[in-house]
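Asker: Quick one: the structure is below, questions incoming.
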Amino acid sequence: MSHNNFNEDRLKELLSRMPAIEDKQNKDQLFNRISSKLDQNKQKVYKKKHIWVIPSIASIAVVFILVFLIQGSFPNNMMYESSDMANDESGSEESTMESADIAINDEDSGTSAGTEEAEIEESDTQLRLDVSSKVAYDENSNSIFIHTAVMNENSTFIIPITLIDSNSSTDLNEYYNQIGMYINENEWGVIEFPFDDITFNILEAENQVILGFPENYEFPNGSTYATMFETILSHMFAPYQINEVILEPYNSNNEELGMFGDIDSFILEKPVDQSYKLFHNDYKDFLVPTPEAEYDNINDAFIDMQSDETDYNLRASIPKDMIFTVDIDGNQLIFNSSNELELTSQDYVNMVEAILATTKSFDYSSVLFSLPVKEIPGYDLRNPIMVPEGVNPIYIN
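Going by our numbering, the sequence shown runs without a break in its numbering and finishes at 407.
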């Protein structure tokens, strides 16, 4: 082995034993500084005209080895750091993207679920809007119900009306003493009995209502008005348990009240055992009690509700093809039918509400329906349904 090889190998060996050097200097700057030093040394050597061939070779080898080691040290660390940073950034980006994807998926899922619920609710709401109810329930403790009645345009039968003020502390007498302002004859296609000049004073504790007439009052001519007068008063005040009408000043002036003659009071008969059918004029739909109908029991009333009343322009409220049976359990009526018919939601609502109104007229408190359908708009038919407060509701506030 030559001396030169020995020195170089020895240097490599010694250099390999050196501890790891960490230098934050830029490798290009370091190389330039070493190169500058070498140039200065070369100039000095040339000036002294000394030729140091072997040391120069060794020095150059050391420089290149140092550069090699520096390059091997810093770039690797930097590579690892850069790689870690890149991995971190990549992981962070992936994590962010995954989180974003999850968030988007969750949002899409939530939006989808919310959309489905909204569509169902909107569909149910639209279904309710498309179907009209003809009965009134006391769903608000602050509501007040004002019962009245009008006549059809031919004055051949009466149409019960239930006025509802959903937020009122007004005395009942105030409503009846301005009852005309709540009746819209033109829009409903009906006729109101001329109560304009008559005042009402309800005495619920005495089960009486006092009708005050002005002097020289003339009762409308004709037997129809006399009959309608008593029937309308029954529908107006019987729901409040009023059973007697006191007439003033007829009880002191000995004047005659139309066909009633010289009277000062009369007894109100509660409308009972009535069947309800559908009446449609050019303006509005109503549930009305069938005129001049008498029944031995409620089953007969339901059978009659399957036929039209052509003389009065009334339509059947129970489909004529429906096969049904009726059971009684205390105050609850059970209406059973298993044959499936092609009925609209409105048809079902009309039938159910007509049955409820008729059931109330026969003094039952609820109906349990056993039908091919279990739900219709506004009603869960799986549970007993209470009879309504009134029919043909009109909301005045």
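Every residue, glycine too, gets a C-beta built ideally from N, C-alpha and C.
Can you tell me the Cα-Cα spacing of Thr241 and Tyr389, whole angstroms?
Answerer: 31 Å
Asker: Is the beta carbon of Val145 less than 7 Å from the beta carbon of Pro398?
Answerer: yes
Asker: Relative to the C-alpha of Ile171, which candidate in Trp198, Glu184 and Thr180 has its C-alpha closest?
Answerer: Between Ile171 and the set Trp198, Glu184 and Thr180, the nearest pair of CA atoms involves Trp198.
Asker: Within the continuous alpha helix (DSSP H) that includes Asn360, where are the two ends?
Answerer: Ser355 to Ser371
Asker: Please work out which residues of its chain come closer than 7 Å, Cβ to Cβ, to Ile386, disregarding the five sequence neighbours upstream and downstream, and give them in chain order.
Answerer: Taking C-beta separations shorter than 7 Å and ignoring five residues to either side along the sequence, the partners of Ile386 in its chain run Ser355, Tyr358, Val359 and Val362, following chain order.
Asker: Determine which residues share a DSSP beta bridge with Val297 and list them.
Answerer: Per the sequence presented here, residue 297 reads as Leu, with Val not at that position. Beta-bridge pairing links Leu297 to Leu288.
Asker: What number of angstroms, rounded off, separates the C-alpha of Thr234 from the C-alpha of Glu350?
Answerer: Their backbone Cα atoms lie some 43 Å apart in a straight line.
Asker: Pop quiz: Leu221 and Leu278 are said to be a contact at Cβ under 8 Å. What is the actual Cβ separation, rounded to whole angstroms?
Answerer: Not confirmed; about 11 Å, so no contact.
Asker: Rounded to whole angstroms, what's the CA-CA distance from Ile156 to Met246? Just pull it up for me.
Answerer: 8 Å
Asker: Checking the sheet assignment: what are the DSSP bridge partners for Tyr389?
Answerer: Ile386
Asker: Using the Cα positions of Gly340 and Pro301, report the straight-line distance between them to the nearest angstrom.
Answerer: 28 Å
Asker: When you compare only the Cα positions, how much space is there between Leu378 and Thr335?
Answerer: 12 Å
Asker: How about Asn187 and Phe210: are their beta carbons less than 7 Å apart?
Answerer: yes
Asker: Which of helix, strand or coil does DSSP assign to Gly190?
Answerer: Annotated three-state conformation of Gly190 is helix, per DSSP.
Asker: Enumerate in chain order the residues of its own chain whose CB-to-CB distance from Ile406 is below 6 Å, with the five nearest sequence positions on each side excluded.
Answerer: Leu173, Asp175 and Tyr192
Asker: Give the single residue among Asn291, Gln251, Ser151 and Ile201 whose Cα lies nearest to the Cα of Ala159.
Answerer: Ile201
Asker: Checking 7 Å against the spacing of the C-beta atoms, do Asn253 and Asn217 come in under that value?
Answerer: yes
Asker: Leaving out five residues before and five after Val141 in sequence, what residues of the same chain have Cβ atoms less than 6 Å from its Cβ?
Answerer: Ser355, Gln356, Val359 and Pro387, listed in sequence order.
Asker: Could you tell me which whole alpha helix (DSSP H) segments of length 4 or greater appear in the region 145-186?
Answerer: 182-186
Asker: Report the three-state DSSP secondary structure of Phe239 (helix, strand or coil).
Answerer: helix
Asker: Is Gln251 buried or exposed, if buried means 16 or more other CB atoms sit within 10 Å of its CB?
Answerer: exposed
Asker: Distance check for Ile273 and Phe372, CA to CA, integer angstroms please.
Answerer: 31 Å
Asker: For Ser347 and Pro224, what's the separation of their Cα atoms in angstroms?
Answerer: Here the C-alpha atom of Ser347 lies approximately 55 Å from the C-alpha atom of Pro224.
Asker: Distance, Cα to Cα, Lys280 vs Tyr305?
Answerer: So the two alpha carbons sit approximately 16 Å from each other.
Asker: Any idea which residues DSSP pairs Gly222 with across the strands?
Answerer: Thr209 and Glu258
Asker: Could you give the DSSP three-state label for Phe345: helix, strand or coil?
Answerer: strand
Asker: Rank Gln342, Asp310 and Asp292 by C-alpha distance to the C-alpha of Asn162 and give the top, closest one.
Answerer: Asp292
Asker: Could you check the C-alpha separation between Ile169 and Pro299 for me, to the nearest Å?
Answerer: So the alpha carbons of these two residues sit roughly 8 Å apart.
Asker: Taking the straight line between their C-alpha atoms, what separation do you get for Asp321 and Asn402?
Answerer: 22 Å
Asker: Give the DSSP-derived three-state secondary structure of Pro249 in the structure shown.
Answerer: helix
Asker: Taking C-beta to C-beta, are Ser285 and Thr180 nearer than 7 Å?
Answerer: Ser285 is not a Cβ neighbour of Thr180, given a cutoff of 7 Å.
Asker: Closest to Ser327 by CA distance: which of Ala215, Gln316 and Glu258 is it?
Answerer: Gln316
Asker: Alpha carbon to alpha carbon, what distance is there between Asp207 and Val255?
Answerer: 17 Å
Asker: Which class does Val397 belong to by DSSP, given the choice of helix, strand or coil?
Answerer: coil
Asker: Among Glu258, Ile212 and Phe229, which residue has its Cα nearest to the Cα of Pro249?
Answerer: Nearest C-alpha to Pro249: Ile212.
Asker: Under 7 Å Cβ to Cβ from Tyr227, same chain only, skipping five residues before and after it: list those, please.
Answerer: Asp207
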